[in-house]
Every structure is written in structure tokens, then in C-alpha cells.
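Participant:
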Amino acid sequence: MNKKNSKIIDDTLNYLKFYKDYKDYSIYKDEITISGLSAALNTKKTPGKNQLNESPTVTYIPEQKRQINLESPVVKSSIDSESWINCNSLESFANEIRNCPKCEILSRTRKQVVFGTGNPKADIVVVGEAPGADEDVQGKPFVGRAGKLLTDILSAINFSREEVYICNILKCRPPENRNPLPDEIANCEPYLFKQLEMIKPMLILAVGTFAAQTLLKTKEPLGKMRGKFHICNGIKMMVTYHPAALLRNPNWKRPAWEDVKLLRMEYDKLKNLNN
Ligand code: URA
Numbered sequence: 219m220n221k222k223n224s225k226i227i228d229d230t231l232n233y234l235k236f237y238k239d240y241k242d243y244s245i246y247k248d249e250i251t252i253s254g255l256s257a258a259l260n261t262k263k264t265p266g267k268n269q270l271n272e273s274p275t276v277t278y279i280p281e282q283k284r285q286i287n288l289e290s291p292v293v294k295s296s297i298d299s300e301s302w303i304n305c306n307s308l309e310s311f312a313n314e315i316r317n318c319p320k321c322e323i324l325s326r327t328r329k330q331v332v333f334g335t336g337n338p339k340a341d342i343v344v345v346g347e348a349p350g351a352d353e354d355v356q357g358k359p360f361v362g363r364a365g366k367l368l369t370d371i372l373s374a375i376n377f378s379r380e381e382v383y384i385c386n387i388l389k390c391r392p393p394e395n396r397n398p399l400p401d402e403i404a405n406c407e408p409y410l411f412k413q414l415e416m417i418k419p420m421l422i423l424a425v426g427t428f429a430a431q432t433l434l435k436t437k438e439p440l441g442k443m444r445g446k447f448h449i450c451n452g453i454k455m456m457v458t459y460h461p462a463a464l465l466r467n468p469n470w471k472r473p474a475w476e477d478v479k480l481l482r483m484e485y486d487k488l489k490n491l492n493n
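Quick note on our numbering: the sequence shown kicks off at 219 and runs consecutively.
1) Taking all protein chains shown into account, do 16 or more other C-beta atoms lie within 10 angstroms of the C-beta of T468, making it buried, or fewer, making it exposed?
2) So is E314 buried or exposed if we call it buried at 16+ other beta carbons inside 10 Å?
3) Rounding to the nearest angstrom, what Cα-Cα distance links L433 and H448 in this structure?
4) Across the region 404-415 and the region 373-381, are there enough close Cβ pairs to call them in contact, namely three or more that are closer than 8 Å?
5) Enumerate, from N- to C-terminal direction, the unbroken beta strand (DSSP E) stretches of 3 or more residues contained entirely within the region 351-438.
6) If you follow the beta strand (DSSP E) that I453 is in, where does it begin and where does it stop?
7) Between which two residues does the alpha helix (DSSP H) containing I323 stretch?
8) What number of angstroms, rounded off, separates the C-alpha of M483 from the C-alpha of Y409?
9) To which residues of the same chain is L288 closer than 6 Å at the C-beta, ignoring the five residues directly before and after it?
10) When DSSP labels each residue in this structure, what does G445 get in the three-state scheme?
11) Taking the alpha-carbon positions, what's the L368 to D341 distance?
12) Return the chain-ordered list of same chain residues with a C-beta closer than 7 Å to the C-beta of L488, the five sequence neighbours on each side being excluded.
13) Comparing the C-beta of F447 with each C-beta of chain D, is any distance below 8 Å?
14) Please classify V478: does DSSP put it in a helix, a strand, or coil?
15) What does DSSP give as the partner residues of V344 in its beta bridges?
16) Measuring CA to CA, which of I303, L465, E381 and K435 is closest to N451?
17) Which value, in whole angstroms, describes the spacing of the CA atoms of L480 and T458?
18) In chain order, what residues of the same chain have a beta carbon less than 6 Å from the beta carbon of S325, not counting five sequence neighbours either side?
19) Would you mind sorting N490 into buried or exposed? The rule is 16 or more other CB atoms within 10 Å of its CB.
20) Shortest alpha-carbon distance to E495 belongs to which of I387, F333 and E402?
21) State the beta-bridge partners of C450 as determined by DSSP.
22) Let me check one thing: in DSSP terms, what residues is G334 bridge-paired to?
23) Can you tell me the Cβ-Cβ gap for L465 and A364, rounded? I've got them flagged as a contact below 8 Å.
24) Quick one, which of P338, N397 and R472 has its alpha-carbon nearest T427's?
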């Protein structure tokens, strides 16, 4: 067997081992988070390319409480019916939550819930932060300036918007585009996880600090999270800059391009494995 094929097989085996062992774990560098439990992986060697072959010592750190911003208004979760849990299509799911009352402020100030758009069987799900003004009006995610750039980024790696699925951590626009509050995330996150469970994508692309930190339950800066794969709910995830940040800082376009190229390569690799 030639060297190249043998490397492909090694990489694949490593990935499968990684996937099997750490499914449902969020991986970041040398730290694993198991739905609320942090497990530090004390590998003896410097973590490198082959770190997944080493058998780590796992130390559990007590469950970390979700950080609640005490200054944020108390947001009461008051959805009467949780029937969305049993929906079996994205369409019926979207319909079930179109009047979601969970976040008092957002449900009063939004024009509509922005559920998500794209292929319900997508291999790739793009997750952003929250709808902005344009999205709130049109009811679709990423349709403003940042959305146009996202479309261009996807098309640069040969994906159309229609073949992927695009959604956000929050389904409603925060007033004045302020940052989502912790209670709002807690209210809305189950919807995203249900979407992921229904779509079952091969890969997630988290755009922006907020999406990445929320999905990985970490406070790591984006610069440290980008450029490599993480696991979110058993799904491989790449993190990159938010298109709006790229509009403000064109210097980040190069690293963002590197990130999405990795995503494309991983997609091609996984697709070949499945065929
Ligand atoms: N920014 C986001 O994070 N999501 C959108 O849908 C639009 C802008």
C-alpha cells in the first residue's frame, strides 16, 4: 500500500476511534466536557496530531453551573405545550414554536421567529448567533449583508445555501441586536438541539464567538477555537469567524478561508467514507 493511502486509512481509523470514544462529548484541545462535567485530559506528551492515540488519564471536575447574568431580567419560561418535542418534520416544528412565549422581552419585540432555512437533510448545518433586523423582517436567517458574505463563503467551497441548513442559537432578534442573555439561550437552545437531532448533519459550522462558545460551553476566545474540529453533541464541528466580523476586519478573511477549506476537506473525506 502506498504511503498516501496508508495515511488516509490511519486518519480514518483515528477519526472513527475518536468519534466512537468521544461521541456526545465536546472536545476542546486537552479538555473534554461531558454535558456539564469537565474532564481534563492529562496527556503525558504535548498534545499533537496523534494525541487521540494516547490513552489519557481522565480527571472529573465538578459540574459547572451555567453562568447566569444576575443583572439580566428574569425571563420566565412559560410555554404551555412542549408538543414541539414530538414533531417529526422541521416544518411542523417551526409551526409549533412560531408563537414561542418563553422569552418575555424577545417575544414582545420580535416581528417573527426565525427558525432556520435550507435542506432538512443537510450534511452541513451552519449555526450563527441570532437574527438581526433583516432576518426579523424576512423570517429567514442570514439574509442581510453578513448573510450575503456567508452565501459567498459557502459557494467558495462549493456549497449552495439550499443544500446546507442555516440557523441560529437564538430564534428571535434581541432588541437593538444586543447580545443574547443567558436565560434566552437556555430557553432557545433545546430548539437548536432538536433541529440537529432531526437533521443529523455530518458537520456543523459555528460562525462567531457566540455560537462557538454556546455550543462548546466554553469561554475560550474564537482565535483559540478556530482552525480545528470539535465535537458538539456527537457531531464534528468547525468554528470560524462570523461573517459580520469579517466585514469589519478583512484581515480575518484569510484564516476564515483556511477554516472553511478544512470543513470542505473533512466533508469530502466523510462522504467518501460513506460511499
Ligand atoms: N447574524 C447571525 O448570527 N444570524 C443571522 O441570522 C444574521 C446575522
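Ideal Cβ positions, reconstructed from N, Cα and C, are used throughout, including at glycine.
Facilitator: On the basis of the supplied data:
1) Inspection of the sequence shows that residue 468 is occupied by Pro rather than by Thr. Result: exposed.
2) buried
3) 10 Å
4) no
5) 383-386 and 421-425
6) I453 to T458
7) First-last of the alpha helix (DSSP H) with I323: E322 to T327.
8) The straight-line gap from Cα to Cα measures roughly 29 Å.
9) With a pLDDT of 37 at L288, under the threshold of 50, the modelled position of this residue cannot be trusted, and the question is left open.
10) coil
11) 17 Å
12) M420
13) Given the protein chain composition of this structure (a single chain), no chain D is represented.
14) Residue state, collapsed to three classes: helix.
15) Per DSSP, I384 and L423.
16) K435
17) 11 Å
18) Answer for S325: P319, listed in chain order.
19) exposed
20) Because residue 495 is not part of the residues shown, which for the chain are 219 to 493, the question remains open.
21) I453
22) Per DSSP, none; premise fails for G334.
23) 6 Å
24) N397
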